[in-house]
Amino acid sequence: MAQSGIYEQILDPANRANPYPLYAELRKTPVARQEDGTYVVSTYDEIVGLLHDPRVSSDTGYVLEPGGAVAALEEGPPGLPMPFINRDPPEHDRLRGLAVRHFGPPHTPGRIDGMRPWLTEVTTGLIDKFAGKNRADIVDEFAYPLPVTAICKLLGVPREDQPRFARWADAIVETTNPSTGTLEARIRRRAKVNAELGQYLNGLADAHARQPGDDLISGLLTDPGPHGSMSREDVLATADLLLVAGHETTVNLITNGVLTLLRHPRVLDRLNREPGLIVGLVEELLRYEPPVQMLPYRATLADIDIAGTTIPDGSVLALMLAAGSRDPGRFPDPDRFDPDRTNNQHLGYGAGIHYCFGAPLARVETQVALPELARRLVNLRLVTDPPPYRPNPVLRGPNHLLVEYDAVVPAAEPVRAASPGQSM
Ligand code: HEM
2 MAQSGIYEQI
12 LDPANRANPY
22 PLYAELRKTP
32 VARQEDGTYV
42 VSTYDEIVGL
52 LHDPRVSSDT
62 GYVLEPGGAV
72 AALEEGPPGL
82 PMPFINRDPP
92 EHDRLRGLAV
102 RHFGPPHTPG
112 RIDGMRPWLT
122 EVTTGLIDKF
132 AGKNRADIVD
142 EFAYPLPVTA
152 ICKLLGVPRE
162 DQPRFARWAD
172 AIVETTNPST
182 GTLEARIRRR
192 AKVNAELGQY
202 LNGLADAHAR
212 QPGDDLISGL
222 LTDPGPHGSM
232 SREDVLATAD
242 LLLVAGHETT
252 VNLITNGVLT
262 LLRHPRVLDR
272 LNREPGLIVG
282 LVEELLRYEP
292 PVQMLPYRAT
302 LADIDIAGTT
312 IPDGSVLALM
322 LAAGSRDPGR
332 FPDPDRFDPD
342 RTNNQHLGYG
352 AGIHYCFGAP
362 LARVETQVAL
372 PELARRLVNL
382 RLVTDPPPYR
392 PNPVLRGPNH
402 LLVEYDAVVP
412 AAEPVRAASP
422 GQSM
C-alpha cells in the first residue's frame, strides 16, 4: 500500500531534516492502514476527534501483537507504575488533578510565571559564556542546559545530580522511537531505565520527606489532596514523567526556534524591535516546527468510524500531530512561518485530556530564551543548514546547531525579563 511506504519514509532518519512533503502526501489518505495494522492519522479534524474520543486509550498496558491486535501485557514491567500520560480515566484524571495543584492556579498560582526572573538569570549566564569566541553549538551550550536546569529546579534535584538525570532522560527518550524495536521491547527497555531512575528518585523523595522544600516532589509527597493523597510510587512515576516530558521537548523547541529565526531573518529583526512578537512567535513555532511530531501509540477500545474508514477495536493508532498542524484545511498557507497568525490552535501540545501539562513552563522558557539570544548575539548566522538531526521521528530536533556571531552584547543590568510579561 502506497501510504504504508510514506509512513516508513517518515520513520527513516534520512528524511528527518524535512518530513513536511511526506506529511503532505500522507494527508491525501487521512486514515491510512499500514501493513502491520497500525492506522496512521494525519489530518487536523480527525486527529483532534480521536484525541477527544473516550474509545481511544493511552494505556501502554496494551501492546501490539503480530497482525495488529492489541492485548494486555500479562505482567507489568518492573520499576515504577505507569505515569498518568499512559493511563486512562479515571486514574489519569485523579493523578493529573493531584499533580496540577502544584503546577499553577489555584493552588500554586505564581509557580511558573514566578520562574521568569530566575530563568532570565540562567539564560543570561549561558549567553555570557558565548563571549570571547565567535562560534557556538546552540544545542549543547544553550537549548539543552536551560530546560534541564529548569525541570531539575522544579523537582528539587540538586545541581550536581543533573548530568545523571540527563543520561537517564536521554535513554528514556530513545525508547519513544518506533524504529528502535517493537513497542513491547521498548516498554521493557524503558522499564529498566525507570528502575534505576526510580531508585534515585526514591532517595530524593526520602530527603524531601525529611525536609520538605518549595519543590514539586515535596508538594506531591505532603499534599493530602481533596480526595486522598498520591501514593509514593505514583509520586515517583510522576516525577519521572515530568523529568522526561520536560526535557528534550523544550530543548527542541528552543533549537527549532533559533533555526527558524535564522531562516527568517526579517522575523528575527522584528523580534529585536518588537518584544511583544514573541508570544505569537512561540505558538507559531509549535505549529510550524513542533518538537513532538507524532503520538505513535494510541489503542482503540471499540470500532471507530472516521473519515470513511472503520478502525477496528483493538487497533493501534499513530496520530501525526505535525501533519495536522500543517493541514491546509485548517491553517491557511500552512507552510508559511507567520508569527502574526491568528486562530492558531496548533497540535504542538496535543489535545484532549492529555493536553501538555507543562505547556506554561515550556512557553515561559522559550519566551525568555529566544529574545535574549536574538538580542545579544550580533550578526548571528548558521554554519550548516540543514543541521544534523537526532534520528528520533517522534521527538524531532537537531543534534547540534552550530552558529557564528560577531560579538556578544553585555547583559542589561539589572537582568531584565526578556518577555513582555504576558500570561499564558
Ligand atoms: C515545547 C515543549 C513541550 C512540548 C512540545 C510538549 C508536548 C506535549 C504533547 C504533544 C503532549 C501530549 C501527549 C499525549 O497526548 O500522549 C504532552 C503531554 C505532557 N507533557 Fe508536554 N510538552 C512540552 C513540555 C513539557 C514540559 C516542560 C513538561 C513538564 C514540566 C511537560 C509535561 C507533560 C506531561 C506531564 C504530559 C502528560 C499529560 C497527561 O497525560 O495528562 N511537557 N506534552
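Sequential numbering from 2 applies to the sequence shown in the working numbering. All C-beta atoms, glycine included, are put in the ideal place defined by N, C-alpha and C.
Residue i beta carbon near the ligand HEM (any heavy atom closer than 6 Å)
i: residue 300; result: no
i: residue 317; result: no
i: residue 124; result: no
i: residue 103; result: no
i: residue 399; result: no
i: residue 53; result: no
i: residue 357; result: yes
i: residue 292; result: yes
i: residue 350; result: yes
i: residue 97; result: yes
i: residue 85; result: yes
i: residue 261; result: no
i: residue 250; result: yes
i: residue 247; result: yes
i: residue 308; result: no
i: residue 363; result: yes
i: residue 1; result: The chain is shown from 2 up to 425; residue 1 falls before or after that span and cannot be answered.
i: residue 81; result: no
i: residue 242; result: yes
i: residue 202; result: no
i: residue 237; result: no
i: residue 296; result: yes
Rounded Cβ spacing between residue i and residue j (contact assumed at less than 8 Å)
i: residue 246; j: residue 86; result: 7 Å
i: residue 316; j: residue 347; result: With 8 Å as the limit, residue 316 and residue 347 do not qualify as a contact, their Cβ atoms being about 26 Å apart.
i: residue 81; j: residue 238; result: 4 Å
i: residue 351; j: residue 396; result: Not confirmed; about 13 Å, so no contact.
i: residue 286; j: residue 261; result: 6 Å
i: residue 206; j: residue 158; result: Residue 206 to residue 158, Cβ: 11 Å. No contact.
i: residue 51; j: residue 288; result: At roughly 19 Å, the Cβ-Cβ gap does not stay under 8 Å, so residue 51 and residue 288 are not in contact.
i: residue 149; j: residue 167; result: 6 Å
i: residue 155; j: residue 370; result: In fact, because the Cβ distance is near 16 Å, the residues do not count as touching under 8 Å.
i: residue 22; j: residue 354; result: Actually they do not touch by this definition, with Cβ atoms about 32 Å apart.
i: residue 252; j: residue 398; result: 7 Å
i: residue 373; j: residue 135; result: At roughly 19 Å, the Cβ-Cβ gap does not stay under 8 Å, so residue 373 and residue 135 are not in contact.
i: residue 112; j: residue 105; result: 6 Å
i: residue 409; j: residue 144; result: No, residue 409 and residue 144 are not in contact; Cβ-Cβ is about 17 Å, not under 8 Å.
i: residue 170; j: residue 248; result: 4 Å
Three-way DSSP call (helix, strand, coil) for residue i in this model
i: residue 289; result: helix
i: residue 219; result: helix
i: residue 329; result: coil
i: residue 56; result: coil
i: residue 145; result: coil
i: residue 276; result: coil
i: residue 310; result: strand
i: residue 113; result: coil
i: residue 156; result: helix
i: residue 227; result: strand
i: residue 88; result: coil
i: residue 33; result: strand
i: residue 299; result: strand
i: residue 136; result: strand
i: residue 167; result: helix
i: residue 67; result: Residue placement at residue 67 is poorly supported in this model, since its pLDDT is 40, which falls under 50; the coordinates still yield a value, given next. Three-state DSSP puts residue 67 in coil, outside helix and strand.
i: residue 318; result: strand
i: residue 242; result: helix
i: residue 78; result: Residue confidence is low: residue 78 scores 40 on pLDDT, short of 50, so the model does not pin down where it sits. No coordinate-derived value is stated.
i: residue 14; result: helix
Please specify which runs of the beta strand (DSSP E), each continuous and at least 3 residues long, are wholly inside the segment 339–425, giving them in chain order.
403–405
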